[in-house]
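So the structure is just underneath, and the comments pick up after that.
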Amino acid sequence: MTFVPALHSEWLKIRTLRSLLGTLLALFAATTAFSALASADPADPADPAEAAEGSGSGFDPLFTALSGVMPGQIAAISFGAMAVSAEFRSGALRLSLAAVPRRGRWFAAKLTAVAVPVLAVGPVTALASLVVARAGLGEAADGLTVAQQARGVVGCGIYLTLMALLAAGLAALLRSGVGALSLLIPFILVVSFVIGDAAGGAVAYLPDRAGQVALHASYEGSLGPWSGLAVTALWTAAVILAGGWRLRHRDA
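Sequential numbering from 64 applies to the sequence shown in our numbering.
Now the structure itself:
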């Protein structure tokens with residue numbers, strides 16, 4: 064089987080699994096809802112000067128508007144991990160490899176079937192979050208340029224896609240969706256924000272922190288929006304390569 068039929072087959076699997084489609088809906092709903100909550104009261108609306116400056120000197124209106132990505136990315140990670148881990152239940156992988164004997168081709172089709180839906184939903188989610196959040200931010204968001212907002216929306220879509228692929232590669236490496244989620248979610252929610260703060264400048268190169276630079280209107284440090292996404296892409300590529308190696312050298 065060539066790549067296109069293999070991709071079509073993998074997309075059919077994803078489309079027919081309601082739990083996977085549910086995670087994409089959760090990605091949109093959670094990100095939009097949390098962004099709306101975060102921007103509900105960033106400053107005292109009775110004080111125009113305070114509203115224009117935001118709630119503090121470190122206030123970033125773009126990151127506030129897109130802050131729902133922090134909890135929302137869990138849905139993207141779950142989507143990638145579940146899409147791959149489904150193959151390791153009930154002998155599904157043996158059937159998949161019987162149809163597509165070349166494991167590299169099958170894995171590439173699976174990853175593409177994971178990436179495309181998230182890449183489609185991600186920017187739409189970011190745009191909806193931005194529109195809803197701007198209504199809450201009011202004058203505090205007036206300083207955002209069109210270029211900054213466009214970069215935030217595009218960067219958000221790329222970031223979510225990379226995180227979904229990172230989870231997919233880790234699920235292939237561990238041959239377990241539960242294992243992948245058990246590592247990634249605590250890492251993002253605990254290690255990156257708690258232990259990571261004690262690591263100094265090295266924390267900027269963690270996959271989530273690096274990619275999230277694209278969600279900021281202004282940024283400091285050695286990484287910019289696109290170089291930060293490149294660092295996340297390198298993490299993702301390394302995990303995918305490790306997952307592909309495990310797939311090639313382990314019996315189905």
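Glycine residues also receive a C-beta, built at the ideal position from the N, C-alpha and C atoms.
Close beta carbons around residue i, own chain, < 6 angstroms, minus the five adjacent residues each side
i: Val241; result: none
i: Thr295; result: Leu225, Pro270, Ala273 and Gly274
i: Ala204; result: Pro124 and Arg197
i: Pro68; result: none
i: Gly218; result: Ala277 and Pro288
i: Val147; result: Ala231, Ala234 and Ala235
i: Arg152; result: none
i: Ala243; result: Ala144, Ala230, Leu233, Ala234 and Leu237
Residue of the options minimising C-alpha distance to residue i
i: Ser130; options: His312, Val216 and Val302; result: Val216
i: Leu393; options: Leu310, Val179, Ala273 and Leu278; result: There is simply no residue 393 to check, as the chain begins at 64 and stops at 315 in what is shown.
i: His312; options: Thr295, Gly167 and Val181; result: Gly167
i: Pro249; options: Leu236, Ala230 and Gly264; result: Ala230
i: Asp123; options: Ala196, Ala305 and Leu310; result: Ala196
i: Ala144; options: Leu286, Ala293, Val253 and Leu237; result: Leu237
i: Glu283; options: Thr127, Phe142, Val294 and Gly121; result: Gly121
i: Phe91; options: Ser285, Glu202, Ala191 and Gln275; result: Ala191
i: Ile221; options: Thr86, Val253, Val276 and Leu75; result: Val276
i: Pro186; options: Pro288, Arg214 and Ala155; result: Arg214
i: Tyr268; options: Leu278, Gly291 and Val257; result: Gly291
i: Met226; options: Ser245, Ser141, Glu73 and Leu160; result: Ser141
i: Ala93; options: Ile137, Leu83, Gly218 and Arg152; result: Ile137
i: Pro270; options: Phe256, Ser281 and Gln212; result: Phe256
i: Phe97; options: Gly135, Leu83, Arg81 and Leu246; result: Gly135
i: Glu202; options: Leu125, Val294 and Arg81; result: Leu125
i: Pro180; options: Leu278, Met133, Leu223 and Ala280; result: Leu223
i: Ser82; options: Ala293, Ala139 and Ala204; result: Ala139
i: Leu75; options: Leu193, Ser159 and Ala89; result: Ser159
i: Leu84; options: Val184, Ser72 and Arg165; result: Val184
i: Gly306; options: Val253, Gly232 and Ile251; result: Gly232
i: Ala128; options: Gln211, Leu244 and Ala293; result: Gln211
7 angstroms CB neighbourhood of residue i in its chain, flanking five on each side removed
i: Gly199; result: Ala99, Ser102 and Ala103
i: Leu228; result: Gly143, Leu174, Val177, Ala178, Thr299 and Ile303
i: Gly154; result: none
i: Leu207; result: Pro124, Leu125 and Ala280
i: Ser285; result: Ala267
i: Ala189; result: Leu129, Gly215, Val216, Cys219 and Gly220
i: Thr95; result: Gly131, Thr188, Ala191, Ser192 and Val195
Local conformation of residue i per DSSP, three classes
i: Ser281; result: coil
i: Gly165; result: The question names Gly, yet the displayed sequence has Arg at residue 165. Three-state DSSP puts Arg165 in coil, outside helix and strand.
i: Arg152; result: coil
i: Gly131; result: coil
i: Phe122; result: coil
i: Gly287; result: coil
i: Ser192; result: helix
i: Ala103; result: coil
i: Leu88; result: helix
i: His312; result: coil
i: Thr65; result: coil
i: Leu80; result: coil
i: Gly117; result: Its pLDDT being 41, under 50, Gly117 is placed unreliably by the model, and nothing is read from it.
Contacts around residue i, its chain only, beta-carbon distance under 8 angstroms, and the 5 residues preceding and following it disregarded
i: Arg309; result: Ala235, Leu236 and Arg238
i: Gly287; result: Val276
i: Phe66; result: Arg168, Ala171 and Ala172
i: Leu30; result: Nothing can be reported for residue 30, as the shown portion of the chain is limited to 64 through 315.
Complete alpha helix (DSSP H) runs within the segment 199 to 270 (minimum length 4 residues, chain order):
Taken in chain order, the complete alpha helix (DSSP H) segments of 4 residues or longer contained in the segment 199 to 270 are 209 to 237 and 240 to 249.
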